[in-house]
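Colleague:
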Amino acid sequence: MHPAAKRLHDHEVSGDETNIEYGASEFGGFGQYFRNKQIKLDTQLREANQCRSQIFKDCHIYLNGRTEPSHTILKGLIVSNGGSICAFLGGKTYATHIVAEHLTKRKNNQFANYKVVKPAWVVNCVNQGKLLDWTNYRAIESSLPTLDPKETQEQIILEEREKVNCLAPDYISSYYARSRLHFLSTKKAELRSKCQQLAGQLPVAERPSPRTILHIDFDSFFVAVALKDKPDLKDQPICVSWGGPSSDIASCNYKAREFGVQNGMWVSRALQLCPKLVCLSYNFDEYTRCSDVLYQEIVDLRPDYVTAVSVDEALVDVTSLCSKTDASQLAQELRSRIKAKTGIEASVGVAPNIFLAKMALRLAKPAGVVCLTQSSAPQRLANCSVRDLPGIGYHIAAKLADLGVTNYSHLKRVTENTLKNQLGNAVGTKLVDYLNCQDSDDISLMDQVQKSVGVELCWGVRLLNDNEVAQFTSNLTEELWSRVQSLYPETLTIKFYRRAADAPFVTPKYMGCGRCDVTSKTRRVVGLDLEGLKTLVIQCVQSFACPPMDMRGLGLQLRLMDTTTPTHHAIKFPQLETASRSTSPNKPKIQLPPSRRRGPTTLSQFVNQPDKVEVDMEVFDNLPSQIKREIMAHEDEFLVKVPSSRSRSEPAAVTTYEPVSFRGVTSEAGLRQVLRDWMRSAESPHYEDVCEFRDFVDYLFDSDWNWTKAISLVNYLNHCSLNLSQDWQYLAKVMQERVAQKILPIN
DNA sequence: AAGGTGTGGTAGC
DNA sequence: ATCGCTACCACACCTT
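Going letter by letter, the first sequence gives residues 1 to 747 in the UniProt record's numbering.
(1) Along the beta strand (DSSP E) that carries Ser520, what are the first and last residues, could you check?
(2) Could you give the distance in angstroms between the alpha-carbon of Glu658 and the alpha-carbon of Thr491?
(3) What does the Cβ neighbour count give for Glu258, buried or exposed, with the cut at 16 atoms within 10 Å?
(4) Gln471 by DSSP, collapsed to three states: which one?
(5) Work out the CA separation of Ala426 and Leu554 for me, nearest whole Å.
(6) What distance in whole Å lies between the Cβ atoms of Leu419 and residue 833, which are believed to be in contact at a cut-off of 8 Å?
(7) By Cβ distance, which residues of its chain are closer than 6 Å to His60, with the 5 residues on each side in sequence left out?
(8) Helix, strand or coil: which one does DSSP assign to Leu41?
(9) Between the C-alpha atoms of Val506 and Gly244, what's the straight-line distance to the nearest angstrom?
(10) Does the distance from the CB of Leu233 to the CB of Leu191 come in under 9 Å?
(11) Sort Tyr176, Ala346, Val267 and Glu479 by Cα distance to Lys276 and report the nearest one.
(12) Between the C-alpha atoms of Leu480 and Phe496, what's the straight-line distance to the nearest angstrom?
(13) Determine which residues share a DSSP beta bridge with Asp317 and list them.
(14) Rank Phe222, Gln557 and Met359 by C-alpha distance to the C-alpha of Arg524 and give the top, closest one.
(15) Taking the alpha-carbon of Asp447 as reference, which of Ala139, Thr307 and Ala270 has the nearest alpha-carbon?
(16) State yes or no: is the C-beta of Leu464 within less than 9 Å of the C-beta of Pro378?
(17) Three-state secondary structure (DSSP) at Thr288?
(18) Skipping 5 residues on each side, what residues in its chain have a beta carbon closer than 7 Å to that of residue 765?
(19) Quick check on DSSP: helix, strand or coil for Ser444?
(20) Considering only the alpha carbon of each residue, which of Val526, Ser520, Gly391 and Leu530 lies closest to Ser543?
(21) Let's test the definition: count the other Cβ atoms within 10 Å of the Cβ of Thr522 and tell me whether it reaches 16, buried, or not, exposed.
(22) Closest by CA to Leu214, which one among Leu356, Arg180 and Val123?
(23) Taking buried to mean at least 16 other C-beta atoms within 10 Å of its own C-beta, is Asn353 buried or exposed?
(24) Below 6 Å CB to CB, which residues in the same chain sit around Arg552 once its five sequence neighbours on both sides are set aside?
(25) Look at the alpha carbon of Lys194 and the alpha carbon of Ser712, and state the distance between them as a whole number of angstroms.
(26) Under 8 Å: do the region 121-128 and the region 152-164 share three or more Cβ pairs, one atom per stretch?
(27) Out of Phe284, Ile249, Tyr282 and Asn283, point me to the one whose CA is closest to Arg269's CA.
(28) For Asn283, which three-state DSSP category applies?
(29) What do you get for Gly391, buried or exposed, if any count of 16 or more other CB atoms within 10 angstroms of its CB means buried?
(30) Using 8 Å as the Cβ pair cut-off and three pairs as the minimum, do the region 405-421 and the region 284-302 touch?
(31) Just how far apart, CA to CA, sit Ala224 and Glu101?
(32) Compute the Euclidean distance between the alpha carbons of Ala470 and Ser721, then round it to the nearest angstrom.
(33) Using only alpha-carbon positions, find the residue among Ser474, Arg302, Leu560 and Gly368 that is nearest to Glu531.
(34) Provide the residue(s) that pair with Leu554 in DSSP beta bridges, ordered along the chain.
(35) Do the region 361-371 and the region 333-347 meet, that is, are 3 or more Cβ pairs less than 8 Å apart?
(36) Look at the alpha carbon of Asp402 and the alpha carbon of Ser80, and state the distance between them as a whole number of angstroms.
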């Protein structure tokens with residue numbers, strides 16, 4: 001489906017709640033109760049008029065500036081004839097038409113790609129009972145499909161760049177320093193890792209079922225922090241944002257929500273709804289301080305388990321504690337201690353599972369504690385909007401609304417199969433669980449090791465040419481690299497934001513990305529260093545073939561190697577027995593940084609091994625580490641005499657030594673398992689095993705398509721060896737070097 | 001059948 | 001003006 005058509009379709013699904021787009025980021029409370037007056041007006045108009053006709057079917061119309069007839073009348077005409085009103089340009093809903101009398105120069109530009117019509121178009125359409133050709137009612141001359149000429153676009157970008165320059169050396173760091181979403185994401189990652197460390201220290205408790213789970217969270221956290229030194233404002237409608245008209249509201253208090261203000265809404269919009277709204281600033285340092293107090297108090301309880309949900313929010317398993325204390329009392333005490341130490345209110349939900357704990361928390365806000373049980377929950381939750389169920393966002397809620405399900409109790413009306421067919425297996429199953437007040441998520445199984453690391457930047461990206469695109473891409477890749485640390489990346493997914501063909505060149509949000517088409521690409525990055533990564537990313541970005549001036553954002557995500565889970569799935573993988581040791585006819589292609597170049601080396605050098613000094617294997621194994629390492633490093637000069645397999649299995653050795661074999665192992669995960677077993681089996685590697693490993697890696701490397709897996713395996717060895725003896729680390733280095741050199745001649 | 005890739009949804013304030 | 005991030009899951013579709 002064409003993107004615009006899809007948006008129209010989506011719009012239909014969402015009915016007349018044209019600005020529900022903000023619902024996507026709504027949180028912390030029953031937004032249902034504070035519906036925007038505008039929605040009500042539309043609904044009432046539509047109901048009163050019972051949709052006299054469908055003239056404006058599929059029309060999503062934005063009214064701009066002063067009009068004759070008035071907005072109210074036009075709105076009535078449009079809505080009662082099957083059309084809908086678009087509250088804002090930009091965002092996720094797409095306006096098909098703009099109605100305007102006069103346009104300022106800037107708007108002229110901003111609206112250049114819309115169908116901009118005079119109000120008479122609406123009136124005449126209704127009078128004649130059909131949709132008239134809009135081009136006879138143009139409000140500006142150069143409308144669709146003409147785009148801004150290239151020079152104009154260049155001019156716009158140059159002007160914008162004077163204020164916001166995404167190529168400035170400190171742009172990325174200063175951007176992230178002010179981004180609330182970046183703050184939230186990175187804090188969460190930090191806390192998750194801390195909680196995981198903690199889990200290792202906590203005693204491994206038995207896990208009788210049912211559990212007692214606390215879900216604790218500060219009430220409108222950012223606002224609460226902002227109000228700490230402005231207590232006189234606490235009864236006013238307050239929000240936290242950077243303050244400009246198109247800045248996002250990060251958090252608003254309950255007073256503001258009464259006016260329909262929601263988190264994620266733009267300030268300009270919120271001010272329409274609530275002119276007295278007061279905007280306060282962010283204070284990231286203080287958020288961190290409060291967060292630390294919260295988590296310290298939780299840890300001091302000595303719970304069975306803690307999971308970080310957010311900077312101000314945690315799931316706590318307190319089952320053991322509750323054998324002595326009453327859960328609700330425990331929660332109350334926790335609440336008061338936190339209030340005393342931070343000065344801000346937290347609420348707590350108590351329940352036997354995560355789902356119910358989350359729902360209990362919603363009921364508990366503001367400043368309260370609510371306990372839910374399997375038996376009390378259904379009644380307490382009956383009227384709660386499906387939007388408030390964990391994992392049910394704007395899109396799924398819209399699909400549920402199509403099924404006639406808008407609140408929790410309606411779920412009963414739909415069969416499990418319908419849910420699964422309409423929403424997918426996972427969501428369907430989850431909803432059925434919810435209806436039964438159950439949750440298959442187990443708090444002790446959450447917080448697994450991090451699987452990916454990424455960066456994304458979609459604000460202020462304004463670039464003129466390929467060079468600038470490469471520069472920006474390179475800068476962002478460096479930022480990504482700085483976050484990788486000792487982690488071990490396997491693949492890179494590049495997410496490219498390109499201005500949608502029909503989106504205006506000047507974005508509705510100041511310096512925002514506007515509506516974009518997003519495409520992505522995944523590549524293996526095993527064996528690449530920063531320079532290699534940069535080259536790869538720039539290459540991929542170029543492959544999207546986007547006019548530089550239409551680039552609006554870039555995301556880079558590294559999937560990390562799975563270092564824990566052995567898998568039993570076998571992927572197709574050639575067997576060693578059938579391997580040919582000859583040079584592969586198709587040489588692998590890989591971009592390696594110039595820094596890796598070490599002079600000419602050919603594959604044949606490794607294949608045709610030079611004469612060797614003989615070393616007995618047993619002797620080798622008993623050599624001091626230092627010498628072993630030397631031999632491994634110069635293994636081409638040594639030949640270790642391997643005893644026959646018979647003598648090896650003789651009971652001479654006290655410890656039973658099992659030679660490592662990679663033969664017959666078919667999956668990458670399986671290979672890693674063999675490596676892990678090998679590394680566990682000995683303080684330092686046996687020479688024979690080293691040879692087996694080297695041969696296997698050589699084989700992989702030489703076979704047509706497994707060279708990336710060879711690199712992968714060697715790097716995995718390196719990754720794991722960090723915790724092992726120097727011998728292991730050295731082996732890894734030697735193998736890395738070997739593989740790196742094999743790659744060289746191909747460049 | 002199992003794995004890879006591309007896309008899309010959700011959560012936090 | 002403005003700071004629209006990021007990790008993770010699930011799925012459709014494709015290849016082998």
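Even glycine gets a Cβ: it sits at the ideal position worked out from N, Cα and C.
Modeller: Inspection of the coordinates gives the following:
(1) The residue labelled residue 520 in the question sits at position 520 within the first sequence. Its beta strand (DSSP E) spans residues Cys516 to Arg524.
(2) Position 658 of the first sequence, counted from the first residue, corresponds to residue 658. Position 491 of the first sequence, counted from the first residue, corresponds to residue 491. Rounded to the nearest angstrom, the two C-alpha atoms are 33 Å apart.
(3) Here residue 258 corresponds to residue number 258 of the first sequence, with the count starting at 1. Exposed is the call here.
(4) For this step, residue 471 is matched to residue 471 along the first sequence. Three-state DSSP puts Gln471 in a helix.
(5) Walking along the first sequence from the start, residue 554 turns up at place 554. Walking along the first sequence from the start, residue 426 turns up at place 426. Spanning the two alpha carbons is a distance of roughly 29 Å.
(6) Because the chain in this structure spans residues 1 to 747, residue 833 falls outside the shown range and cannot be described.
(7) Numbered from 1 along the first sequence, position 60 holds the residue referred to as residue 60. Cβ within range, chain order: His11, Ser84, Cys86, Ala95 and Thr96.
(8) Here residue 41 refers to the residue found at position 41 of the first sequence. For Leu41, the predicted model reports a pLDDT of 37, less than 50, meaning its position is unreliable; a value from the coordinates is still stated below. In this structure, Leu41 counts as helix in the three-state DSSP scheme.
(9) Here residue 506 corresponds to residue number 506 of the first sequence, with the count starting at 1. Here residue 244 corresponds to residue number 244 of the first sequence, with the count starting at 1. The alpha-carbon atoms of Val506 and Gly244 are separated by roughly 17 Å.
(10) As a first step, residue 233 must be located in the first sequence, where it is residue number 233. As a first step, residue 191 must be located in the first sequence, where it is residue number 191. Not closer than 9 Å, so no.
(11) Here residue 276 refers to the residue found at position 276 when the first sequence is read from its first residue. Measuring from the Cα of Lys276, the nearest candidate turns out to be Val267.
(12) Taking the first sequence and counting its residues from 1, one reaches residue 480 at position 480. Taking the first sequence and counting its residues from 1, one reaches residue 496 at position 496. About 15 Å.
(13) Residue numbering aside, residue 317 sits at position 317 when the first sequence is read from its first letter. DSSP, once it has assigned bridges, lists Ile213 and Tyr305 as partnering Asp317.
(14) Taking the first residue of the first sequence as 1, we reach residue 524 at position 524. Out of Phe222, Gln557 and Met359, Gln557 has the C-alpha closest to the C-alpha of Arg524.
(15) Within the first sequence, the letter at position 447 stands for residue 447. Looking at the Cα atoms, Thr307 is the closest of the given residues.
(16) Reading the first sequence from its first residue, position 464 is the one you call residue 464. Reading the first sequence from its first residue, position 378 is the one you call residue 378. No.
(17) For the purposes of this step, residue 288 is taken as residue 288 along the first sequence, with counting starting at 1. Helix, per DSSP.
(18) One cannot answer for residue 765 here, as it falls past the ends of the chain, which runs 1 to 747.
(19) As a first step, residue 444 must be located in the first sequence, where it is residue number 444. Helix at Ser444.
(20) To locate residue 543, count along the first sequence from 1; it is residue 543. Ranked by how close their Cα comes to the Cα of Ser543, the residues Val526, Ser520, Gly391 and Leu530 have Ser520 in first place.
(21) Within the first sequence, residue 522 is the residue found at index 522, counting from 1. Per the 10 Å Cβ criterion, exposed.
(22) Here the question's residue 214 lines up with position 214 in the first sequence. That would be Leu356, whose Cα lies nearest to the Cα of Leu214.
(23) Start at 1 with the first residue of the first sequence, and residue 353 comes out as number 353. So Asn353 ends up on the buried side.
(24) Within the first sequence, numbered from 1, the residue matching residue 552 stands at position 552. Here the set comprises Val461, Tyr497, Arg499, Cys513 and Cys516.
(25) Locating residue 194 in the first sequence gives position 194, counting from the first residue. Locating residue 712 in the first sequence gives position 712, counting from the first residue. About 29 Å.
(26) no
(27) The residue given as residue 269 occupies position 269 in the first sequence. It is Ile249.
(28) On the first sequence, residue 283 is found 283 positions in, with the first residue counted as 1. If DSSP states are grouped into helix, strand and coil, Asn283 belongs with coil.
(29) Position 391 of the first sequence, counted from the first residue, corresponds to residue 391. The residue is exposed, with fewer than 16 neighbouring Cβ atoms inside 10 Å.
(30) Fewer than three pairs of CB atoms, one per stretch, sit closer than 8 Å, so the region 405-421 makes no contact with the region 284-302.
(31) Sequence index remark: in the first sequence, residue 224 carries index 224 (1-based). Sequence index remark: in the first sequence, residue 101 carries index 101 (1-based). About 43 Å.
(32) As a working mapping, residue 470 is identified with position 470 in the first sequence. As a working mapping, residue 721 is identified with position 721 in the first sequence. One C-alpha to the other measures close to 35 Å.
(33) For the purposes of this step, residue 531 is identified with residue 531 of the first sequence, where counting begins at 1. Taking only the C-alpha atoms, the option nearest Glu531 is Ser474.
(34) Here the question's residue 554 lines up with position 554 in the first sequence. Leu457 and Phe496, per the DSSP bridge assignment.
(35) yes
(36) Along the first sequence, one-based indexing puts residue 402 at 402. Along the first sequence, one-based indexing puts residue 80 at 80. One alpha carbon belongs to Asp402, the other to Ser80, and they sit about 21 Å apart.
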